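Enquirer: Here it is, the structure, as structure tokens.
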Amino acid sequence: MEHGIVLKPEILGFYKNFPITNTLLVSWVAMAILTIVSVVATWRVKIIPSGLQNFVEAVIDWGYSTVEGLSGKKTLVLFPLVMTFFLFILTANWLGLLPGFGTITYKGEPLFRSVNSDLNMTLGLALLSAFLTHFLAVRYLGIKNYLLKWVALNPIFLFVGILEIISEFTKIISLSFRLFGNIFAGEVVLSTVAGIFAFVVPLPFYFLEIIVGFVQAAVFAMLTLVFMILLSEKHEVK
Amino acid sequence: MEILKDFGINPLLLAAQVVNFFILLFILKRFLYKPVLKVLEERKKRIEESLKQAEEIEKKLQATEEQSEKIIAKSLQQAQKILDETKQAAARMLEGAKETSAEIISDANVKASEIVKIRQVMLEQQIREHAGDLIILAFEKIIGKRLTGKEQKEIIEEEMKNIS
Chain A
4 MEHGIVLKPE
14 ILGFYKNFPI
24 TNTLLVSWVA
34 MAILTIVSVV
44 ATWRVKIIPS
54 GLQNFVEAVI
64 DWGYSTVEGL
74 SGKKTLVLFP
84 LVMTFFLFIL
94 TANWLGLLPG
104 FGTITYKGEP
114 LFRSVNSDLN
124 MTLGLALLSA
134 FLTHFLAVRY
144 LGIKNYLLKW
154 VALNPIFLFV
164 GILEIISEFT
174 KIISLSFRLF
184 GNIFAGEVVL
194 STVAGIFAFV
204 VPLPFYFLEI
214 IVGFVQAAVF
224 AMLTLVFMIL
234 LSEKHEVK
Chain B
6 MEILKDFGIN
16 PLLLAAQVVN
26 FFILLFILKR
36 FLYKPVLKVL
46 EERKKRIEES
56 LKQAEEIEKK
66 LQATEEQSEK
76 IIAKSLQQAQ
86 KILDETKQAA
96 ARMLEGAKET
106 SAEIISDANV
116 KASEIVKIRQ
126 VMLEQQIREH
136 AGDLIILAFE
146 KIIGKRLTGK
156 EQKEIIEEEM
166 KNIS
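So the protein lines, in turn, are chains A and B.
Yeah, the first sequence ends on 241 if you go by my numbering, and it's all consecutive.
Yeah, the second sequence ends on 169 if you go by my numbering, and it's all consecutive.
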């Protein structure tokens, strides 16, 4: 299979009935990298940090203060979720820029493919984000207050409630397709430019993709955070 | 749902991604967030503590400085006082010494004048004694004979009466 624009992830093999795609493989690689880095960085936590611990601390501190600034008391619950979204998407996006992606083949299919250029992965994350958002809303508000967000006796608010339910679905679609679209488009651009002239010319696009990878990860995490905060706040009914 | 097939959506893969996320969430919570946040919090506390301690130390230092200044001022005052007292005492002693020396000098003067008087008297007496001898000698020469003791006495007494 030549460099074509393929929406579907390529299936490398099956484990029983379970298809193992190249994107799933890379998502495992991303998880492994994150795991190794965090274990190594916090192997011996020192009060005076150095090296990797220093770097990891800077990242965590930045994430924590950002989440804390927005969510206040809920930080302890929200931070791990949001930060994991961010770190996973960021690692996956930047991993997809490494050489070998799309070029190394296995049984005629590319062995590695950027995780988020597969709608399965982004939709999975978006569904999870939505599910967690609603779960936390129920937890913080109680089931009664949660339902009151959507249903009201006042016909105007009832209509607003219906609109909000629709917007919840749009959120899932926008979250998943934004990430997928950006990364997939980046992949296509990179392979196309590399197809025109493989030396030096793709470099600016690689820089662009580094930025896009960061921005998309940040956008996904921040939107998830904001949705979580908004939905777990009490709805003022007059 | 044609579009989902175009994108290769597979419920199993969706589920796999969700499971992946939870595994990653667990791992990162355990190995990254907890230890790092803990150490950050600990460091924050330590910095706060040391800042507080530094403040306290500064306060103490200030207090000690004030105290030492007070002590120095006090001791200076005392030293001045002692110095003044000593000066006064010295002045008094000097005055006393002057008085006593004046007394001694006047005493010595008196004594010296007495001694001079005594000497004078003694001298006069000697002169008288010698004068008696001289008179007798002169008398003997004049009269050409030796006088007896009785005569000598008479003459001396007579002459003495004349002299005094």
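Glycine included, every Cβ here is placed at the ideal spot set by N, Cα and C.
Keep in mind the model is a prediction, meaning the values are calculated, not measured.
For a contact meaning CB atoms closer than 8 Å, what does A:GLU2 contact in chain B?
Expert: In the structure as shown, chain A begins at 4 and stops at 241. Residue 2 of chain A is therefore absent and cannot be evaluated.
Enquirer: List in chain order: all unbroken beta strand (DSSP E) runs of 3+ residues lying wholly within the stretch 44 to 78 of chain B.
Expert: Segments of the beta strand (DSSP E) lying fully in the stretch 44 to 78 of chain B: there are none.
Enquirer: In this structure, how does DSSP classify A:THR26 when only helix, strand and coil are distinguished?
Expert: Reduced to three states, the DSSP call for A:THR26 is helix.
Enquirer: Could you tell me whether the stretch 125 to 133 of chain B touches the stretch 95 to 104 of chain B, using the rule of 3 or more Cβ pairs below 8 Å?
Expert: Output reads no: the stretch 95 to 104 of chain B does not touch the stretch 125 to 133 of chain B.
Enquirer: For A:ILE14, which residues does DSSP report across the bridge?
Expert: According to DSSP, A:ILE14 bridges with A:THR24.
Enquirer: Any beta carbon from chain B within less than 8 Å of A:ILE214's own beta carbon?
Expert: No, A:ILE214 lies away from the interface with chain B (no Cβ there is under 8 Å from its Cβ).
Enquirer: Consult DSSP for A:THR87 and reduce its assignment to one of helix, strand or coil.
Expert: Residue state, collapsed to three classes: helix.
Enquirer: Against chain A, with Cβ distances strictly below 8 Å, would B:LYS64 count as a contact?
Expert: No, no contact with chain A.
Enquirer: Closer than 9 Å by beta-carbon distance: list the chain A residues that pair up with B:LYS34, in chain order.
Expert: Residues of chain A passing the Cβ test: PRO83, THR87.
Enquirer: So the alpha helix (DSSP H) A:LEU149 belongs to, where does it begin and stop?
Expert: Per the sequence shown, the amino acid found at residue 149 of chain A is Tyr instead of Leu. Run containing A:TYR149: 146 to 151, per the alpha helix (DSSP H) assignment.
Enquirer: Going by beta-carbon coordinates alone, are A:VAL191 and A:PHE115 separated by less than 8 Å?
Expert: It is not a contact, given that the beta carbons lie outside the stated cut-off.
Enquirer: Quick check: A:ALA129 and A:ILE175, are their CB atoms within less than 8 Å of each other?
Expert: Going by C-beta atoms, A:ALA129 is nearer than 8 Å to A:ILE175.
Enquirer: Quick one: what's got a C-beta closer than 8 Å to A:VAL154's C-beta in the same chain, skipping five residues either side?
Expert: Around A:VAL154: LEU161, GLY164.
Enquirer: Rounded to the nearest angstrom, what separates A:THR69 and B:GLU71 at their Cα positions?
Expert: Cα-Cα distance, rounded: 47 Å.
Enquirer: Let's see if you can read the secondary structure: which residues bound the alpha helix (DSSP H) around A:THR195?
Expert: Counting along the chain, the alpha helix (DSSP H) containing A:THR195 begins and ends at 158 to 199.
Enquirer: Determine, using beta carbons only, whether A:TYR18 comes closer than 8 Å to chain B.
Expert: Chain B contact via Cβ: absent.
Enquirer: How would you write the range of the alpha helix (DSSP H) that B:ASP11 sits in, first residue to last?
Expert: Per DSSP, B:ASP11 belongs to the alpha helix (DSSP H) from 7 to 11.
Enquirer: Could you tell me the boundaries of the alpha helix (DSSP H) in which A:PRO207 lies?
Expert: From DSSP, the alpha helix (DSSP H) with A:PRO207 extends over 206 to 234.
Enquirer: CA-CA distance, B:LEU81 and B:LEU88?
Expert: Roughly 10 Å separates the two Cα atoms.
Enquirer: Are the C-beta of B:GLN22 and some C-beta of chain A separated by less than 8 Å?
Expert: Chain A contact via Cβ: present.
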